[in-house]
Amino acid sequence: MPPKKADSGDKPKKKGRTAGGGGKKISAYNKYVQQELARLKADDPDMPHTERFKLAAQNWKKAKENPKALA
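For the sequence shown, my numbering begins at -14 and goes up steadily by one.
What follows is the structure in structure tokens.
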């Protein structure tokens, strides 16, 4: 039995994703949480991520960026 060739051409090549492709837009919540997590980490780097995320979610309820916030 002859050895298989490395590039037999049986399978079509997969198309790679291009960098910076037009993906989904980031929601206002996701944008706020990214900024808030960074701010909280800068204020208290020793705080666990889960606690930072809880605080960010609580702060979102009152944030001006939140379209559903009770102002």
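In this text, a Cβ means the ideal position worked out from N, Cα and C, and glycines have one as well.
*asked:* Less than 8 Å between C-beta atoms, sequence neighbours within five positions excluded: which residues of the same chain meet that for leucine 25?
replied: Taken in chain order, the residues that qualify are Met32, Arg37, Leu40 and Ala41.
_How far does the alpha helix (DSSP H) with aspartate 28 in it extend, from its first residue to its last?_
Judged by DSSP secondary structure, aspartate 28 falls within the alpha helix (DSSP H) whose first and last residues are 13 to 28.
_valine 18 to proline -3 span [Cα, whole Å]_ = Per the coordinates, the alpha-carbon of valine 18 lies some 41 Å from the alpha-carbon of proline -3.
*Exposed unless 16 or more other CB atoms sit within 10 angstroms - verdict on glutamate 21*: Under this definition glutamate 21 is a buried residue.
*Whose C-beta lies closer than 7 Å to the C-beta of alanine 48 among residues of the same chain, with five residues either side of it excluded?*
Same-chain partners within the cutoff: Tyr17 and Ala54.
*Does DSSP put alanine 42 in a helix, in a strand, or in coil?*
Of the three classes helix, strand and coil, the one that applies to alanine 42 here is helix, per DSSP.
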